[in-house]
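Participant: I'd like to ask some things about the structure below.
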Amino acid sequence: MFETVAIIVFLATLIGIALHCIAFPVKRGAGAGVIPRIVHVFSLLLIEQERSLLGALKKLCYLVTAVCFVVLAITGFWPVLVKGEHISGFPIMIHSTFAAVFAVCLAIITITWAGSNRFERSECPWLWRLLRRVTNLRIPRQEGPCKSTVIVKKAMFWAVAALSLPLILSVVLSMLHLFGTHWQEILLAAHRWSALLFAVAVILHTYAAARLQMAQ
Amino acid sequence: MKRELIAVLVPLLVLTVGPVRAEEREPLLGDESDGSRAHPIHLIPLFPENEDGEKGEQIDPEDVDAMPFSTRLTCGECHTYEAIAGGWHFNAADSNAPAGRSGEPWLYFSPKLGIQLPLSYRPWPGTFTPEEVGMTSFEFTKIFGRHTPGGGVGEVKATDGDSIAKQYVSGKLEVNCLACHNAHPGQDQGGVNGYAVQVSAKENFRWAATASCEFANVTGSAAKVSVTYDPFMPDETEKNAPRVTYDKDRFDENGNVLVEVVREVPDNRCYFCHSDLYGTDSGEKAEKWKTDEDIHLAAGLTCVDCHRNGLYHNIVRGYEGEAEISGNAMAATTSCRGCHLGNEDGERPEGGRFGAPVPTHVGIPTVHFEKLTCTACHSGPWPGDQAVLTKTARAHRLGTPNVNKDPNVLPHVLAPILAEGGAASGTADDQIAPHKMVWPAYWGNLSDEGVKPLALDAVEKAVKRAFKDVEAPAGGGWPAFTPEQIAEALKGLAEVASDKAVYVAGGTLYHLDEAGELVTEADHPEAAPYMWPLAHAVRPAAQSLGIRYCTDCHATTAPMFFGSVDVDSPVASATPVTKRMVDFQDSVSPVYAWAFAVSFVFRPMMKIFAFGACGIIGLVLLLYGLKALGAVAKVLAEEE
Chain A
1 MFETVAIIVF
11 LATLIGIALH
21 CIAFPVKRGA
31 GAGVIPRIVH
41 VFSLLLIEQE
51 RSLLGALKKL
61 CYLVTAVCFV
71 VLAITGFWPV
81 LVKGEHISGF
91 PIMIHSTFAA
101 VFAVCLAIIT
111 ITWAGSNRFE
121 RSECPWLWRL
131 LRRVTNLRIP
141 RQEGPCKSTV
151 IVKKAMFWAV
161 AALSLPLILS
171 VVLSMLHLFG
181 THWQEILLAA
191 HRWSALLFAV
201 AVILHTYAAA
211 RLQMAQ
Chain C
217 MKRELIAVLV
227 PLLVLTVGPV
237 RAEEREPLLG
247 DESDGSRAHP
257 IHLIPLFPEN
267 EDGEKGEQID
277 PEDVDAMPFS
287 TRLTCGECHT
297 YEAIAGGWHF
307 NAADSNAPAG
317 RSGEPWLYFS
327 PKLGIQLPLS
337 YRPWPGTFTP
347 EEVGMTSFEF
357 TKIFGRHTPG
367 GGVGEVKATD
377 GDSIAKQYVS
387 GKLEVNCLAC
397 HNAHPGQDQG
407 GVNGYAVQVS
417 AKENFRWAAT
427 ASCEFANVTG
437 SAAKVSVTYD
447 PFMPDETEKN
457 APRVTYDKDR
467 FDENGNVLVE
477 VVREVPDNRC
487 YFCHSDLYGT
497 DSGEKAEKWK
507 TDEDIHLAAG
517 LTCVDCHRNG
527 LYHNIVRGYE
537 GEAEISGNAM
547 AATTSCRGCH
557 LGNEDGERPE
567 GGRFGAPVPT
577 HVGIPTVHFE
587 KLTCTACHSG
597 PWPGDQAVLT
607 KTARAHRLGT
617 PNVNKDPNVL
627 PHVLAPILAE
637 GGAASGTADD
647 QIAPHKMVWP
657 AYWGNLSDEG
667 VKPLALDAVE
677 KAVKRAFKDV
687 EAPAGGGWPA
697 FTPEQIAEAL
707 KGLAEVASDK
717 AVYVAGGTLY
727 HLDEAGELVT
737 EADHPEAAPY
747 MWPLAHAVRP
757 AAQSLGIRYC
767 TDCHATTAPM
777 FFGSVDVDSP
787 VASATPVTKR
797 MVDFQDSVSP
807 VYAWAFAVSF
817 VFRPMMKIFA
827 FGACGIIGLV
837 LLLYGLKALG
847 AVAKVLAEEE
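Protein chains in written order, with this note's numbering: chain A, 1 to 216; chain C, 217 to 856.
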């Protein structure tokens, strides 16, 4: 069941992104085409380089996390979705090695990016209008367009952070002498499903981040 | 014309209906239980076999020429002997009987000839049939019948001249019902005049069951009388002829004897053929009193609680998948999983039989249950750095007189070998299970079909010159042949072998090249060891692998993968050749096993990092979650 659902979810996500790209193409910035912008964004590896030690560390951390994610996704999903078997052998060793680094980097990213991913009132004026209408509260009027890409990016950041907890804990707890076979199976299932949602959140976050970069 | 027709049809009708009627025969008194759990009393008359192989007159204990009782005719009065004789313990030679997973072979060995051969009538891969080495069923019974409950091969009619005459004197080795079902402490399987001695030393096949019971005594030996001796016409001048004396006090006025037969076989009866003595890691002599029994027996179960059978004696062996092979549905519920877990998808709960605890396997990832059999962690001795020499009742004649108690005595059985036995072991291809192992050593003929052993008597004649100066060690181990001796023996065998004479030993194939020089091919597939899974003794859960740490198995020196296995060979070697357990695990790469083990050094660190990361992420989520909550509260309080 997991295999089927995972394949459908991944396909739906990628098709959805493709359709979104076609339906809502990125608005061109001054004096540059789409392809040069894509090249520019990916040469920056999605985030701007800041001229500070912290900026360099943040970028380094981001890059390591991205590499780890790719390795973890391949080693984790490939055997299950493509070969139809459990992860085992060298893939599981690579998976667990990169997982530890990934967890640490993810924690650093969460701390360093959390502030900039706070939701702003101005990003979603329709929500405030809805609240005013439904609750009749004295909420200040918000005008302007909805920054949906920004919202998606921020929402996915928090989703990634939140999903990382069951993702990491499910596998680490199973290594402790705490849970029997039944709970081991539950933890394994929790790891798989949270990994699927986590991967989708990362893909959507990356897509949103790329769009924002290209739009700048 | 009519008469001719009738003359043809009547015999045809008789031939056709006869067998049908035989199959439809009414069950005998003891074939079906009425349901009572009480032991039926067996106050019974004893019947011998007459010279025609049929039922003789009831045995009179006063008769000085009394014959031994026949179980076929005595027990067969109330129990269908033919049905019982087709059971697992007796049907090895029946080609229609499913072989099931590989089991312990009969090990023929000769230190002076450098032979250690796994023999079996069952087609277990890696074993050879006695016929392949020129051993008749009579000879096989004489050598190995000591540790059988009779029947099977022992009842095969001899076909070669010498054996026909010998079998007339010795008789057939009938199923010895008492070997298992006699609960009397006087049942003598291994005493100086007991069953084993009667079979293997005295060739008293016909007398063996009688000699083993507590109410008769047998003297004399069929092996010492002429092949022309007629046991049905006793000759008083033949002093060595087998004779029976019955304990008259055990017979009532009707000539009936009270035999202490029980349906549930006592463990002690099973132990005679199914005992193991594992060597020690330190090399010290193993002592029975220092070892524990199987935890199931310690908990109060008996062997036959799990290894059950009905009239047909199709006894449950107890391995996974047996039910499909043997057609015995009971097998599915008396395996480890059957009792401890039951069929979780079944219509009714079946686990927990006999109060079997349902295991929780705390901290064990579920992948272990796919890659390992239950026995891998729970059975046999706790694996040490090295597989140890192990004695088994059948291989080492345990429980019989004058057993060589030297720990190094042949045959050399090594255990535990944590190997992937595959289908032959009744396991999945990539599933590790504990095994016992022997390295075959024999003289053979190499043809396109592989290596087949040469007849033992032909080998003895051909190679004895090469080994005339070889002296077998007192301990009963290998004599350490030199390559020169092997080469000379192979030259002697060249005339015996139809294709190419070879010697197989210690995983190596030895043969001569065209120049007559000895060629050795190590790790030759034809010289692979024979392994069979072990299941007992089951250790308590507190002594199972992984109970302490993952590093019970996942360490760079853990026996599960890196325990060493001696490559046992009669050929002298400058340095002992050893293999690792992982060499017998085809789906496991040694590099991977080592690297995975190394990764456990970092595992505590990984757990700390993971928990630390989760703590930080959790705190950030909590912090910003609270901030968000504060913002919502402000809005709801209409402060903005």
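Each residue gets a CB set at the ideal place from its N, CA and C atoms; glycine is no exception.
Given the structure is predicted, the values throughout are model-derived calculations rather than measurements.
1. Take the Cβ of Arg-133 (chain A) as the centre, count every other Cβ of all protein chains shown within 10 Å, and call the residue buried at 16 or more, exposed below.
2. Apply the 10 Å Cβ neighbour rule to Asn-530 (chain C) and answer buried if 16 or more other Cβ atoms are within range, or exposed otherwise.
3. When the distance is taken between beta carbons, is Phe-102 (chain A) closer than 8 Å to Thr-65 (chain A)?
4. What is the residue span of the alpha helix (DSSP H) that Gln-213 (chain A) lies within?
5. How should Phe-90 (chain A) be labelled, buried or exposed, when 16 other C-beta atoms within 10 angstroms of its C-beta is the threshold for buried?
6. So, helix, strand or coil for Ala-412 (chain C), using DSSP?
7. Give the interface partners of His-577 (chain C) over in chain A, defined as CB-CB distance under 7 Å, in chain order.
8. Please decide whether Leu-842 (chain C) counts as near chain A, where near means a Cβ-Cβ distance under 8 Å.
9. Sort out for me which residues DSSP pairs Ile-260 (chain C) with in a bridge.
10. How is the alpha helix (DSSP H) around Trp-322 (chain C) delimited, first residue to last?
11. Flag this pair as touching only if the segment 142-159 of chain A and the segment 195-213 of chain A have three or more C-beta atom pairs under 8 Å; answer yes or no.
12. Rounded to a whole number of angstroms, what is the C-alpha to C-alpha distance between Gly-316 (chain C) and Pro-623 (chain C)?
13. Should Leu-167 (chain A) be labelled buried (16 or more other beta-carbon atoms within 10 Å of its own) or exposed?
14. Using Cβ-Cβ distances below 9 Å, what residues of the segment 89-118 of chain A are close to chain C?
15. Say whether the segment 746-758 of chain C touches the segment 582-597 of chain C, bearing in mind that this needs 3 or more beta-carbon pairs closer than 8 Å, one atom from each stretch.
16. Among A:Met-214, A:Gln-213, A:Leu-63 and A:Tyr-207, which residue has its Cα nearest to the Cα of His-20 (chain A)?
17. Have a look at Lys-607 (chain C) and Ala-657 (chain C) and give me their C-alpha separation to the nearest angstrom.
18. If I follow the unbroken beta strand (DSSP E) through Arg-141 (chain A), where does it start and stop?
19. To be precise: take each residue of the segment 694-714 of chain C, compare its Cβ to all Cβ atoms of chain A, and keep it if any distance is under 8 Å. Which residues remain?
20. With distances taken Cα to Cα, identify the nearest neighbour of Lys-147 (chain A) among A:Ser-88, A:Gly-115 and A:Phe-119.
21. By the 10 Å Cβ neighbour count, where 16 or more other Cβ atoms means buried, how is Pro-650 (chain C) classified, buried or exposed?
22. Give the DSSP-derived three-state secondary structure of Lys-209 (chain C) in the structure shown.
23. Could you pull out every residue in the same chain whose Cβ sits closer than 6 Å to the Cβ of Gly-410 (chain C), ignoring the five residues on either side in sequence?
24. State the DSSP-derived secondary structure class of Leu-838 (chain C), mapped to helix, strand or coil.
25. Apart from the five residues on each side of it in sequence, which residues of its chain come closer than 7 Å, Cβ to Cβ, to Ile-108 (chain A)?
26. Could you give the distance in angstroms between the alpha-carbon of Ser-397 (chain C) and the alpha-carbon of Val-481 (chain C)?
27. Any Cβ of chain A within less than 8 Å of the Cβ of Ser-815 (chain C)?
28. By the three-class DSSP mapping on this structure, what secondary structure does Ile-109 (chain A) have?
29. Taking the alpha carbon of Asp-729 (chain C) as the reference point, which residue from C:Val-720, C:Ala-844 and C:Lys-707 has its own alpha carbon closest?
30. Could you check where the alpha helix (DSSP H) with Leu-163 (chain A) kicks off and where it finishes?
31. If the cut-off is 8 Å on Cβ atoms, which residues from the segment 147-164 of chain A count as contacting chain C, listed in chain order?
32. Going by other Cβ atoms of all chains shown within 10 Å of its Cβ, with 16 needed for buried, is Asn-307 (chain C) buried or exposed?
33. Anything in chain A within Cβ reach of Thr-582 (chain C), meaning under 8 Å, just list it in chain order.
34. Okay, do the segment 343-351 of chain C and the segment 696-715 of chain C touch, 3+ Cβ pairs below 8 Å being the bar?
35. Return the chain-ordered list of same chain residues with a C-beta closer than 6 Å to the C-beta of Ala-238 (chain C), the five sequence neighbours on each side being excluded.
36. May I have the straight-line CA-CA distance separating Glu-733 (chain C) from Asp-310 (chain C), to the nearest angstrom?
Facilitator: According to the data block:
1. exposed
2. buried
3. yes
4. 181-215
5. exposed
6. helix
7. Gly-180 and Thr-181
8. no
9. C:Val-473
10. Note, Trp-322 (chain C): premise wrong, no alpha helix (DSSP H); beta strand (DSSP E) at 322-326.
11. yes
12. 31 Å
13. Buried, since its Cβ has 16 or more Cβ neighbours within 10 Å.
14. Of all residues in the segment 89-118 of chain A, only Gly-89, Phe-90, Ile-92, Met-93, Ser-96, Thr-97, Ala-99, Ala-100, Val-101, Phe-102, Ala-103, Val-104, Cys-105, Leu-106, Ala-107, Ile-108, Thr-110, Ile-111, Ala-114, Gly-115, Asn-117 and Arg-118 place a beta-carbon less than 9 Å from a beta-carbon of chain C.
15. yes
16. The shortest C-alpha to C-alpha distance from His-20 (chain A) to any of A:Met-214, A:Gln-213, A:Leu-63 and A:Tyr-207 is the one to A:Tyr-207.
17. Answer to the nearest angstrom: the Cα atoms are 18 Å apart.
18. No beta strand (DSSP E) contains Arg-141 (chain A), which DSSP labels as neither H nor E.
19. none
20. Of A:Ser-88, A:Gly-115 and A:Phe-119, the residue nearest in Cα terms is A:Phe-119.
21. Counting Cβ neighbours within 10 Å, Pro-650 (chain C) comes out buried, since at least 16 surround it.
22. Lying outside 217 to 856, the shown extent of chain C, residue 209 (chain C) is not represented and no answer is given.
23. Asp-404 and Ser-428
24. helix
25. Cys-61
26. The question names Ser, yet the displayed sequence has His at residue 397 (chain C). One alpha carbon belongs to His-397 (chain C), the other to Val-481 (chain C), and they sit about 5 Å apart.
27. yes
28. helix
29. C:Lys-707
30. 148-174
31. Trp-158, Ala-161, Ala-162 and Ser-164
32. buried
33. Thr-181, Gln-184, Glu-185 and Leu-188
34. No, the segment 343-351 of chain C is not in contact with the segment 696-715 of chain C.
35. Only weak support is given to the placement of Ala-238 (chain C): the predicted model assigns it a pLDDT of 45, under 50, and the question is left unresolved by the model.
36. For the pair Glu-733 (chain C) and Asp-310 (chain C), the Cα-to-Cα distance works out to about 43 Å.
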